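Beneath this line is the structure, given in structure tokens, with notes to follow.
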Amino acid sequence: MTRIALVNLTTTTKIGGVETFVWELAGHLARRDVSVTVVGGASKSPPTREATSGVRVETVPYLDRVRIRRVPVLGRQYGPTKLLERLSFALCAGAVIERGAFDIVHIHKPFDFPLATWIRRRTGARIIYSSHGRDFFPGDRRFTSAVQTFTACSAYNAAEVRARYGREVEVIYNGIDTEQFSPRPPDRGWRQRLTGGGAPVILWVGRLERWKGTVDALRALALLDCPAHLVIVGDGPEMSRLRDATHSLGIAGRVHLLGACDHARLPDIYASADIVIGTSFANETFGMALAEALACARPVIATRFGGFPEVVRDDESGLLVPPRDPHALAAALRILLHDPTRRRAMGERGRAYTVARFAWPVVTDHVLRLYREALGED
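The numbering used here puts the first residue of the sequence shown at 2, with every later residue one more than the last.
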């Protein structure tokens, strides 16, 4: 039986896009009778989530980047401290991986290239790297010869990786649980409690970072000539700025900052919105929230940036607008808010496209094919 190690420090310590990808991939591989081990960092807090049956989890100690940044000279060195954190992880993870005698070691950050190089030399395991962003660091190119296969989560991300390393890159999109994220009736009680009536609901979901462009969603809402409400699900450093902006724009009564939300609750929230929007203008390689919304048959309006156009098909499953342009976003919102038939058709097409491209069975098939090719079995 082929033995696979999915290696990523934060898989067992945090919750996020890369972490979800690793956990979900591990579970789907195990259901295909693949021997799979997740290797991550040891945390003092409870596990971020329970592993699927059949998935082995190995955690090792490491030096957290927060502690490293307490050293005065390293306080603002975000890239170098991430690398130091990963190197401290590699000191113990390398021994665990070597003992596991894995056929394939699948990594997800360039910061793990030095570890992968050591593993390749010590065990001969095939190394596969899946990019979910950039996270490049000075000197990373010298370690890429150990990597047999490069993948990326979108064609946009693949172009970034190809430009950096000069290697061929295969696109493996992020997976979506299209059974969990599926069409369902809206929660009319939830809508009533938020809007106090039948006003349209626009939804934004994600981490509240400046580059996510959430303030542009507020500005677009202020430009609308209908009493639509904007629901923002997520937390982050932009929260106070957004709260202030709702007051300065005079829309505080129509904006609902719900904070972080249990992931299991999201399908019901998507189903209860009329339109889902994405407003990023940097660092966006895929668009997980938008794919989840489409899987729930919701129409999406997103910026024409990064990986968004690969998730949202313009004029088919939604509309694309220029980044950082509240007027264009408001115009697109007006079009769809006044055309429920078009919204419904876009949602149906978006659901079909998402199931065909991003459903986990499709993604798992793709990963298994790459594993077989890496081992010379195809």
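Backbone N, C-alpha and C define an ideal beta-carbon position, used for all residues, glycine too. These numbers were taken from a predicted model, which means no experiment stands behind them.
Inspect the beta-carbon positions of residue i and residue j and report whether they are closer than 8 Å.
i	j	result
residue 200	residue 228	yes
residue 313	residue 319	yes
residue 380	residue 195	Lying before the first or after the last residue shown, residue 380 is absent from the chain, which here runs from 2 to 379.
residue 209	residue 237	yes
residue 295	residue 310	no
residue 59	residue 97	yes
residue 247	residue 225	no
residue 235	residue 207	yes
residue 231	residue 211	no
residue 325	residue 282	yes
residue 42	residue 112	no
residue 56	residue 37	yes
residue 173	residue 368	yes
Short of 8 Å in beta carbon distance, which residues of its chain neighbour residue i, apart from the five on each side in sequence? Order them along the chain.
i	result
residue 376	3, 104, 105 and 127
residue 329	322 and 323
Could you tell me the distance, in whole angstroms, from the CA atom of residue i to the CA atom of residue j?
i	j	result
residue 163	residue 137	12 Å
residue 191	residue 347	23 Å
residue 10	residue 61	9 Å
residue 290	residue 166	29 Å
residue 87	residue 75	15 Å
residue 29	residue 244	40 Å
residue 142	residue 357	35 Å
residue 85	residue 139	13 Å
residue 7	residue 40	6 Å
residue 345	residue 298	8 Å
residue 303	residue 363	24 Å
residue 189	residue 32	37 Å
residue 65	residue 45	11 Å
residue 145	residue 114	7 Å
residue 150	residue 343	42 Å
residue 331	residue 366	40 Å
residue 202	residue 216	17 Å
residue 372	residue 160	22 Å
Residue i and residue j look like a contact to me (Cβ under 8 Å); what is the Cβ gap, rounded to whole Å?
i	j	result
residue 268	residue 182	5 Å
residue 334	residue 221	6 Å
residue 69	residue 49	Residue 69 to residue 49, Cβ: 21 Å. No contact.
Tell me which residues share the same chain as residue i and place their Cβ nearer than 6 Å to its Cβ, disregarding the 5 neighbours each side in the sequence.
i	result
residue 147	117, 118, 121 and 128
residue 1	Because the chain spans 2 through 379 in this model, residue 1 falls outside it and cannot be assessed.
residue 158	132 and 286
residue 53	28 and 31
residue 185	272
Keeping to the same chain, check which residues put their C-beta closer than 7 Å to that of residue i; ignore five residues upstream and five downstream.
i	result
residue 109	9, 19, 23, 131 and 133
residue 315	321
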